[in-house]
Amino acid sequence: MRLYVIRHGETSWNVARRLQGHAGADLNENGVRLAEVTARAMKDIPFDLCFTSPLTRAAHTARIILAGRNVPVIEEPRIMEISFGEWEGLCCASGRSEIPGTNFLETFHKTPFNYVPAPGGESIADVCARTADFYQELSGNPEYQDKTILISTHGCASRAFLRNVYEDKEDYWHGGVPMNCAVSIVDVKDGKAVLLESDKIYYDASDCVDYYAAKEEKNEDK
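Residue numbers (the numbering used here): 79 to 300.
What follows is the structure in structure tokens.
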């Protein structure tokens with residue numbers, strides 16, 4: 079089994095640095111373009127099946143990647159983004175955060191397992207549990223062992239899913255939130271998973287707002 083795990087394309091809420099979670103916007107014009115660039119780069123990959131988060135931005139990305147192909151697409155709620163509860167829609171950017179009474183960047187990005195969610199939201203452990211359940215079901219299904227599968231998901235959810243593959247389970251982010259349309263490739267054979275590629279992008283990084291968001295967070299650390 080070979081898995082291609084992709085984060086959705088850019089949205090207007092990514093640009094505005096707003097927490098999306100189970101809400102959020104569809105792909106913006108640049109997000110569609112980045113997904114189309116990625117689709118062209120992946121055109122020769124013989125996908126047999128796709129699992130997508132039912133959230134619009136991930137499902138739209140999957141449709142772009144698979145345009146013109148007859149590939150079954152299954153909506154899978156266990157790979158939805160983390161729910162931010164009452165904080166969804168609020169800006170989380172450094173210096174202009176709208177999130178009340180918390181240092182969101184300090185906890186969510188630097189000590190994610192200590193992150194305390196908003197009312198109605200999920201913890202990192204919650205997301206790890208549901209994505210692990212999906213991973214175990216997927217990797218253990220004998221019908222999928224010879225399949226090439228696209229998984230269209232989200233930044234936090236993709237890291238939770240890939241935690242089943244990473245050797246270091248304590249390093250949740252593995253270098254940070256993956257950029258929009260970043261692809262990680264995993265081989266699973268006889269129950270053993272090997273990470274072949276991590277966070278590969280097929281466009282110039284400066285074309286994506288995530289590039290500047292990551293620089294902002296790194297500058298905050300200094």
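No residue lacks a Cβ here, since even glycine has one placed at the ideal position from N, Cα and C.
Of the other Cβ atoms in all chains shown, fewer than 16 fall within 10 Å of the Cβ of Q214; this residue is therefore exposed. Closest by C-alpha distance to M257, out of T231, K267 and V266, is T231.
If the five residues before and after S90 are omitted, its C-beta is found closer than 8 Å to the C-beta atoms of A103 and N106, all from its own chain and listed in chain order.
For G87, the CB contacts under 6 Å within the same chain, skipping 5 residues up- and downstream, are L105, G109, L112, A113, T139, N258 and C259 in chain order.
According to the DSSP secondary-structure assignment, K270 is paired through a beta bridge with K267.
A distance of 8 Å or more separates the beta carbons of S201 and L183. Looking only at R95, R85 and I263, the smallest Cα-Cα distance to S175 is reached by R95. One thing to note: Y280 has its Cβ no nearer than 8 Å to the Cβ of V151.
Judged by their CB atoms, Q98 and E154 are not nearer to each other than the 8 Å cut-off.
Within its own chain, the residues whose Cβ lies closer than 6 Å to the Cβ of D126, once the five positions on either side in sequence are excluded, are K225 and T226, listed in chain order. D211 sits in a helix when the DSSP states are folded into three classes. For T226, the enclosing beta strand (DSSP E) starts and ends at T226 to T231. The region 229–244 and the region 202–212 touch, with no fewer than 3 CB-CB distances between them shorter than 8 Å.
Distances from the alpha-carbon of D288 to those of F162, V255, K247 and I177 put V255 closest.
The Cβ atoms of Y250 and F212 lie no closer than 8 Å to each other.
When DSSP states are grouped into helix, strand and coil, K278 belongs to the strand group. Under the DSSP assignment, T130 falls in the beta strand (DSSP E) whose first and last residues are L127 to T130. Taking C-alpha positions only, E248 is separated from Y82 by approximately 23 Å.
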